[in-house]
Every structure is written in structure tokens, then in C-alpha cells.
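The opening residue of the sequence shown carries number 510 in our numbering; numbering runs sequentially from there.
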Amino acid sequence: MVQLKNKHNGDVFLQYISLNDVNSTYVNWLNDPQVNQYLETRFQQQTLSSVTCFVEDILANHSDHLFTIRSHLNGHIGNIKIGGINKHHGVGYISLFIGDKTVWGKGYAKQAIQLVSDYAFNTLQLRKLSARAYQPNIGSTKAFLSAGYKHEGIFKDHFVLHGKSCDLIQVCLFKSEP
510 MVQLKNKHNG DVFLQYISLN DVNSTYVNWL NDPQVNQYLE TRFQQQTLSS VTCFVEDILA
570 NHSDHLFTIR SHLNGHIGNI KIGGINKHHG VGYISLFIGD KTVWGKGYAK QAIQLVSDYA
630 FNTLQLRKLS ARAYQPNIGS TKAFLSAGYK HEGIFKDHFV LHGKSCDLIQ VCLFKSEP
């Protein structure tokens, strides 16, 4: 099992997801309106069965890399994924959520982004990573920017949130950037 430890802070590390990680806590996160308000999973009720199928698909396809975000103090606190990988162009997309609300605002997302970015650049040999967020999702955008990502663009009125259109913010990081 691949485990990535942060060299700068020993509390956060990433582990490839396994079926053992699928439990009621994980499913409850995906169904929690505060946690899922900016996740596409909010459009369907999640169950142990649906999440198990999702993880099985990830494990079988080998094109996406899904990690659990873990804290030595709190265990599994969320997930982060490298998806949309195009090896010909050397690009991929990062998506994440922190499900454990007791650790929101503690910098764990930033640390997970740094770890997964390092893995994407140095192990997967990608040259550019991008991430997208609903414009009101300030926490996600801040985490990426504090991890070294730069604003790349705005897609005007790209999403519908609570019945109103909102912008999509795209950020990116190149391998050559610190």
C-alpha cells in the first residue's frame, strides 16, 4: 500500500484508498450538506453500496489515483484524487474534500495538496496540475493558493448552486514552479 508522508508536518499523510476505508462515517460525510455542498456527489444519496462500487471502479481502472487524507490524531479525515490524467500532455486534475468537520481550517487540505502534487510530478511524471472550485468555495481555493497554485481562469456562470449560476475558479501548478 502506497503511503505518502509530509516531510514538513508529520501529522498529515496520504494512503491509497482501499475497500476497508468504505464505512458509515465516509458515507455520512458524502451525504452531509455542509461537507458536500460543493461536491457533485450531492446530487445522489450515497450508500455503502454506491461508495463501495465507486472505490472498486477506482481500484480497477488505474487511471485515477484516489488517496485517503489521514491524520495521526484523527485517522481518515477526507479524500484527495488525481484524475483526468492525460499522459500525452502530462496533465491531471486534483479534487478533494475534508469530511471531518472538526479539522476544517487546520491546514490539512493544503498539506494534502502539497503531498499529492509532489506525487503527481515526481512519481506520475505530470508537468501540470489543475483544480476547479465553485467560486463561493473560498476554503478550497485558499488551500490550493496557499499550496503554491496560481489562478488560471474563471469560467463565468459555469455552475448552478442553490438555483443561481456561479463562476468556476480554476487554479494550476506547473512542475517547474516551487
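All C-beta atoms, glycine included, are put in the ideal place defined by N, C-alpha and C.
Check, Outcome
"Alpha carbon to alpha carbon, how far is TYR535 from ILE589?", "13 Å"
"Taking all protein chains shown into account, do 16 or more other C-beta atoms lie within 10 angstroms of the C-beta of GLY592, making it buried, or fewer, making it exposed?", "exposed"
"Since GLY608 and GLY584 should fall inside the 8 Å C-beta cutoff, what is the C-beta to C-beta distance between them, to a whole number of angstroms?", "Between GLY584 and GLY608 the Cβ distance is about 11 Å, and since that is not below 8 Å, they are no contact."
"Exposed or buried, what is ALA656 when buried is set at 16 or more other beta-carbons lying within 10 Å of its beta-carbon?", "buried"
"Based on Cα-Cα distance, which residue from LYS610, LEU670, GLY648 and GLN679 lies nearest to LYS637?", "GLN679"
"Can you tell me whether GLY601 is buried or exposed? The criterion is at least 16 other CB atoms within 10 Å of its CB, across all chains shown.", "buried"
"So for TYR658, helix, strand or coil by DSSP?", "coil"
"So what's HIS517 in DSSP terms, helix, strand or just coil?", "Per-residue confidence for HIS517 stands at a pLDDT of 47, beneath the threshold of 50, marking its modelled position as unreliable; the derived number appears in the next sentence. Coil at HIS517, not helix or strand."
"Tell me, please, whether the segment 644-655 touches the segment 615-624 by the rule of three or more beta-carbon pairs shorter than 8 Å.", "yes"
"Checking 8 Å against the spacing of the C-beta atoms, do PHE606 and VAL544 come in under that value?", "yes"
"Just to confirm, is the Cβ distance from LEU523 to ILE567 under 8 Å?", "no"
"What residue from ASN537, HIS597, ASP666 and GLU661 has the CA that sits closest to SER559's CA?", "ASN537"
"Between which two residues does the alpha helix (DSSP H) holding LEU624 run?", "617-631"
"State the Cα-Cα distance for the pair GLY616 and HIS598, rounded to the nearest angstrom.", "31 Å"
"Helix, strand or coil for THR550, going by three-state DSSP, please let me know.", "helix"
"What residues in its chain sit with their C-beta under 6 Å from that of SER649, if we drop five residues either side in the sequence?", "ALA642"
"Excluding the 5 residues preceding and the 5 following LYS516 in the sequence, name in chain order all residues of the same chain whose CB lies nearer than 7 Å to its CB.", "Because the pLDDT at LYS516 is just 48, under 50, the model does not fix this residue reliably, and the point stays unresolved."
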